[in-house]
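Residue numbers (full-length UniProt numbering): 1 to 283. Heads up, the beta-carbon is just placed ideally off N, CA and C, and yes, glycines get one too.
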């Protein structure tokens, strides 16, 4: 997870460009709403900054100002690969090539999604503050979800600071095989952040994604770890994994909640795993 800068785009620019391509009678109704939606955008930002977007009232159709008309400004123009207005979509998606999905922190950004759903808040269809880059898996899992309370609200990439510290935890269990389980360490953050983090990781299936990544990574390390422990002993194995963790931490820009950094810490904390017998169970 990480924060992103707000897109350097304005609602008025995008909306005007979309509306100019819409035929009457729908165009006049959309033009007439420009000022009201601009004021609504200001309210959206204010609520987003305090994690109160759940208080937004669902939009109601009025005359020719319909859900379909507003959604069409996005689907027919901004998201349409054949439209010249697709440049706005691409600008948001390509916020920075080095960035991964802000929701899960590891997958490549592939799409743009509405933070609060356009089918419910259709007058926000082309508001850049509500358009966020996202990976395919998080987008699919998120669906129309937007959280109905402060505790269940997802972290907004543009407005919510990500909690600092090592709040991501992992545990390795050794039995007939080796299993990795990720969770949120509630003691590492305030109560509200703990609820929100746990909710986001469950709703977007991030725990499962991290566990799959960790399992594959452990298998890829199996032979090299066995070589270290059998040739040099357990003490050297600990030092070796500490080095891997420090390298992962550097590659993650010092972010302690990186899935790989957390995995290495879990390895170091599991005495049963840190043996040739434990490592041999990886498959």
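**Entirely enclosed alpha helix (DSSP H) segments - the segment 6-88, minimum 4 residues** = 11-19, 26-32, 34-49, 67-73
**Message:** Taking the beta carbon of residue 5 as the centre, do at least 16 other beta carbons fall within 10 Å, making it buried, or is it exposed?
**Reply:** exposed
**Prompt:** Among 167, 238, 176, which residue has its Cα nearest to the Cα of residue 188?
**Reply:** 167
**Item:** Through-space distance from residue 139 to residue 259, alpha-carbon basis
**Value:** Cα to Cα, the separation comes out at about 20 angstroms.
**Spatial distance of residue 255 from residue 106 (CA atoms)** = 12 angstroms
**Asked** Between which two residues does the beta strand (DSSP E) harbouring residue 257 extend?
**Response** Premise fails: residue 257 is in no beta strand (DSSP E) and is neither H nor E.
**Message:** Suppose you measure from the CA of residue 219 to the CA of residue 244; what does that come to, to the nearest Å?
**Reply:** Taking C-alpha positions only, residue 219 is separated from residue 244 by approximately 15 angstroms.
**Asked** Pairing CB atoms from the segment 112-119 with CB atoms from the segment 136-153, are three or more of them under 8 angstroms?
**Response** yes
**Message:** Taking the beta strand (DSSP E) that residue 185 belongs to, which residues open and close that run?
**Reply:** Segment: none, residue 185 is in no beta strand (DSSP E) and carries neither H nor E.
**Message:** Measuring only the C-alpha atoms, how far is residue 86 from residue 77?
**Reply:** 7 angstroms
**Message:** Here's a check: name, in chain order, each residue in its chain whose Cβ is nearer than 7 angstroms to the Cβ of residue 113, leaving out the five neighbours to either side.
**Reply:** 132, 134, 139, 142
**Request:** Can you tell me which of the three DSSP states residue 231 falls into?
**Result:** Looking at residue 231 - three-state DSSP - the assignment turns out to be helix.
**residue 134, DSSP secondary structure in three states** = Here residue 134 sits in strand by DSSP.
**Asked** For residue 31, which residues from the same chain have a beta carbon less than 8 angstroms from its beta carbon, with the 5 sequence-adjacent residues on both sides left out?
**Response** 19
**Cut-off 8 angstroms between Cβ atoms - residues of its own chain near residue 38, not counting five sequence neighbours on either side** = Taking residue 38 as the centre and dropping the five residues before and after it, the same chain places the C-beta of 11, 12 closer than 8 angstroms to its C-beta, in chain order.
**Request:** Check whether the Cβ atoms of residue 163 and residue 183 lie closer than 8 angstroms to each other.
**Result:** no
**Asked** Run through DSSP, which three-state label would residue 217 get?
**Response** Looking at residue 217 - three-state DSSP - the assignment turns out to be helix.
**Request:** Would you kindly work out how many angstroms separate the C-alpha atoms of residue 155 and residue 200, rounded to a whole number?
**Result:** 8 angstroms
**Rounded straight-line distance, which links the Cα of residue 130 to that of residue 123** = Rounded to the nearest angstrom, the two C-alpha atoms are 11 angstroms apart.
**Asked** Among 198, 277, 94, which residue has its Cα nearest to the Cα of residue 177?
**Response** 277
**Request:** Taking only the alpha-carbon atoms, compute the straight-line gap between residue 136 and residue 67 and give it to the nearest angstrom.
**Result:** Straight across, the Cα-Cα distance linking residue 136 with residue 67 is about 25 angstroms.
**Burial state of residue 50, where buried means 16 or more other Cβ atoms lie within 10 Å** = exposed
**Request:** List the endpoints of the continuous alpha helix (DSSP H) containing residue 276.
**Result:** 276-280
**Message:** Could you give the first and the last residue of the continuous beta strand (DSSP E) run that contains residue 113?
**Reply:** Note, residue 113: beta strand (DSSP E), 111-114.
**Message:** Along the chain, where does the beta strand (DSSP E) containing residue 169 start, and where does it finish?
**Reply:** 168-174
**Prompt:** Cβ of residue 119 versus every heavy atom of the ligand SAH: is any distance shorter than 7 angstroms?
**Reply:** In the structure on display, the ligand SAH does not appear, and there are no ligands present to speak of.
**Message:** Quick check on residue 119: does DSSP put it in helix, strand or coil?
**Reply:** coil
**Item:** Residue(s) in a DSSP beta bridge with residue 178
**Value:** 174
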